[in-house]
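Single-structure report; data block below.
In our numbering, the protein residues as written are 46 to 143.
The structure is reproduced here in C-alpha cells:
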C-alpha cells in the first residue's frame, strides 16, 4: 500500500468514526424526543379526560339549574351551554395543535 493510500485509509477511518458519533448522538436525540412526546401524549390524554368530566358536570349543573329556574331561564341556560361547548371544542382543537 502506498503512503497516499495509507493516508486516505486513515482519513476514511476518522470520518467513519465521526459519522458513527453523529449517528449515535442523533439516536439519543430521537430517543429523548420520543420520550418527551410520550409524556406529552399522556398529559394530553389526562387533560382531555379531565375536560370531558368537567364538561359533563357543568352541563348537568346548568341543565338542573335551568329546570329549577323555569322555562324563561331555559333559553338563556341553553345559550350559555352552547357557548361553553363551543369554547371547550376550541380548547380541544388548540390542545391537538400543540
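For glycine and all other residues, C-beta sits at the position ideal for the given N, C-alpha and C.
Small disclaimer: the values here were computed from a predicted structure and weren't measured.
**Study point:** Nearest-angstrom Cα separation, counted from residue 108 out to residue 100
**Key:** Locating residue 100 in the chain shown gives position 55, counting from the first residue. Locating residue 108 in the chain shown gives position 63, counting from the first residue. Cα to Cα, residue 100 sits roughly 12 Å from residue 108.
Point to revise | Whole-angstrom distance between residue 79 and residue 141, CA atom to CA atom | key: Locating residue 141 in the chain shown gives position 96, counting from the first residue. Locating residue 79 in the chain shown gives position 34, counting from the first residue. Going by the C-alpha atoms only, they are around 17 Å apart.
Practice item. Check the C-beta distance from residue 96 over to residue 137 and give it rounded, since I have them as a contact under 8 Å. Key: The sequence position of residue 96 within the chain shown is 51, counting from 1. The sequence position of residue 137 within the chain shown is 92, counting from 1. About 7 Å separates the two Cβ atoms, so the contact holds.
Check your understanding: How is residue 47 classed by DSSP in three states: helix, strand or coil?
Key -> Within the chain shown, the letter at position 2 stands for residue 47. Coil at residue 47, not helix or strand.
Point to revise | Assumed close pair residue 126, residue 104 - CB separation to whole angstroms, cut-off 8 Å | key: Counting from 1 along the chain shown, the entry for residue 126 is found at position 81. Counting from 1 along the chain shown, the entry for residue 104 is found at position 59. Contact holds; Cβ gap of about 6 Å.
Check your understanding: If residue 122 and residue 110 are in contact, beta carbons under 8 Å, what's the gap, nearest whole angstrom?
Key -> Counted from its first residue, the chain shown places residue 122 at position 77. Counted from its first residue, the chain shown places residue 110 at position 65. Between residue 110 and residue 122 the Cβ distance is about 6 Å, and since that is below 8 Å, they are a contact.
Check your understanding: To the nearest angstrom, how far is it from the Cα of residue 83 to the Cα of residue 89?
Key -> What you label residue 83 is simply residue 38 of the chain shown in a count that begins at 1. What you label residue 89 is simply residue 44 of the chain shown in a count that begins at 1. Each residue's Cα considered, the two are about 10 Å apart.
Exercise for review: Could you tell me the distance, in whole angstroms, from the CA atom of residue 98 to the CA atom of residue 134?
Suggested key: By one-based count along the chain shown, residue 98 stands at place 53. By one-based count along the chain shown, residue 134 stands at place 89. Each residue's alpha carbon lies about 14 Å from the other.
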